[in-house]
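> For the sequence shown, full-length UniProt numbering begins at 1 and goes up steadily by one.
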Amino acid sequence: MEESVRRFRSRSFGSVADVYEQSRPGYPRDAVRWLLADLLPEPIPPYDVSAFDSYAVTPDPSYAAPDPAIGYPTTPPPPPPPPPTVVELAAGTGKMTAVLAAEGHRVIAVEPSAPLLLRLIRNVPEATPVQAVAEQIPLADGSADAVVVAHAFHWFDTDAALAEIARVLRPGGILGLLWNYRDESVPWVRQLSSLLAAAERLEARQAEDLIEKLEWSRLFTPPEYAGFRLWQPVNREGLLQMVASRSSVASLPPAEREDVLKQVGDLYDETARQPEGLVMPYITACYRMRVRK
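1. Looking at residue 213 and residue 128, is the spacing between their C-beta atoms short of 8 Å?
2. Can you give the Cα-Cα distance for residue 141 and residue 160, rounded to whole angstroms?
3. Since residue 172 is in the beta strand (DSSP E), which residue starts that stretch and which ends it?
4. Does the pairing of the region 137 to 155 with the region 212 to 231 give three or more beta-carbon distances under 8 Å?
5. Considering only C-alpha positions, which residue in the set 102, 123 and 240 is nearest to residue 86?
6. Does residue 284 pass the burial test, meaning 16 or more other C-beta atoms within 10 Å, or should it be called exposed?
7. Please name the residue in 184, 174 and 267 whose C-alpha comes closest to that of residue 287.
8. How far does the alpha helix (DSSP H) with residue 216 in it reach, from first residue to last?
9. Out of 77, 277, 280 and 107, point me to the one whose CA is closest to residue 84's CA.
10. Ends of the beta strand (DSSP E) at residue 283?
11. Would you kindly report the start and end of the unbroken beta strand (DSSP E) that includes residue 234?
12. If you scan the UniProt domain "Methyltransferase type 11" (88 to 175) from start to end, which runs of the beta strand (DSSP E) of 3 or more residues do you find wholly inside it?
13. Around the C-beta of residue 185, are 16 or more other C-beta atoms found within 10 angstroms, so that it is buried, or is it exposed?
14. Taking DSSP as the reference, what is the three-state secondary structure of residue 49?
15. From this set, 183, 178 and 243, which residue's C-alpha is nearest residue 30's C-alpha?
16. Taking C-alpha atoms, which residue in 181, 151, 183 and 143 lies nearest to residue 164?
17. By the 10 Å Cβ neighbour count, where 16 or more other Cβ atoms means buried, how is residue 241 classified, buried or exposed?
18. Of the residues 249, 278 and 121, which one's Cα is nearest the Cα of residue 187?
19. Under 6 Å Cβ to Cβ from residue 231, same chain only, skipping five residues before and after it: list those, please.
20. Please confirm whether residue 296 and residue 145 have their CB atoms less than 8 Å apart.
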């Protein structure tokens, strides 16, 4: 994609920040746990004291209890390790940021759009906000345990962004990429995708090209894949907002955009039961790799 087109379409999110926040799906916590499984320590299981019930203990008559005034010598427990530092690029309004923070990570949320970043600050105040682009990350070398990008890498300058990500990751650090794809095994979802095919074809091809490129990357290990399911209830207004918030639609000429939205509204009216609405099924595609350094 030409740089001018990429910049224009990525800026289109800022003009629909409210719609983006209300209509976009979130991300399954299981997906985040899979991506970053090696970062958090495994919890220590409690002892099963019942296993010792069958053992008889004979008191030692020579044992003398400690003087209560002195007590037992104690060693303070070591402090817990600091939480892993996860950098999220193109963090938007904080959909993924909130999940990362809830999983116990220290999150640095990098987002170029000021309107989206302001919404993220309100939504996830515990995250550290940074206004910047993925191709120029204002962080020190080796300062991140992981970098996560949720449904956004296809807007980056691939080579420049990968080089920056490799720079800020510590040796062996994780790069996690996610995309939410509609589950087209459902008939009405397949119809919706056919309406949006022209607008979304480029986005899908860019994601596929990126993964293929990463297979041969000298910067990262070959990607591992896992898929997770996600369901989002949606009413008529929500479906229209979801479609309108996609940069591939928001950047269309006004007449073309209105035509797409009319067709989507007609599809909803033909499909939905009132007042239940519809449930949008997604498959969250996750790719995990490690930096080679």
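Glycine is no exception: its CB is placed at the ideal position from the N, C-alpha and C atoms.
Let me lay it out:
1. For residue 128 and residue 213, no; Cβs fall outside 8 Å.
2. Distance between the alpha carbons of residue 141 and residue 160: 15 Å.
3. First-last of the beta strand (DSSP E) with residue 172: 169 to 182.
4. With the cut-off at 8 Å, the region 137 to 155 and the region 212 to 231 do not touch.
5. Minimum Cα distance to residue 86 is reached at 102.
6. Under this definition residue 284 is a buried residue.
7. Of 184, 174 and 267, the residue nearest in Cα terms is 174.
8. From DSSP, residue 216 is part of no alpha helix (DSSP H); its letter is neither H nor E.
9. For the residues 77, 277, 280 and 107, the minimum Cα distance to residue 84 belongs to 107.
10. Segment 278 to 290, the beta strand (DSSP E) holding residue 283.
11. Where residue 234 is concerned, the enclosing beta strand (DSSP E) stretches over 224 to 234.
12. Listed in chain order, the beta strand (DSSP E) elements of length 3 or more contained wholly in the UniProt domain "Methyltransferase type 11" (88 to 175) are 106 to 110, 128 to 130 and 144 to 150.
13. Burial state of residue 185 is exposed, judged by a 10 Å Cβ sphere holding fewer than 16 other Cβ atoms.
14. Unreliable placement is indicated for residue 49, whose pLDDT of 48 sits below 50; no coordinate value is reported for it.
15. With distances taken between Cα atoms, residue 30 lies closest to 178.
16. Of the listed residues, the one whose Cα sits closest to residue 164 is 143.
17. It is buried - the Cβ of residue 241 has at least 16 other Cβ atoms within 10 Å.
18. Comparing Cα positions, the closest option is 278.
19. Excluding its 5 nearest sequence neighbours in each direction, residue 231 has C-beta neighbours in its own chain below 6 Å: 279 and 281, listed in chain order.
20. Outside the shown range of the chain (1 to 293) lies residue 296, about which nothing can therefore be said.
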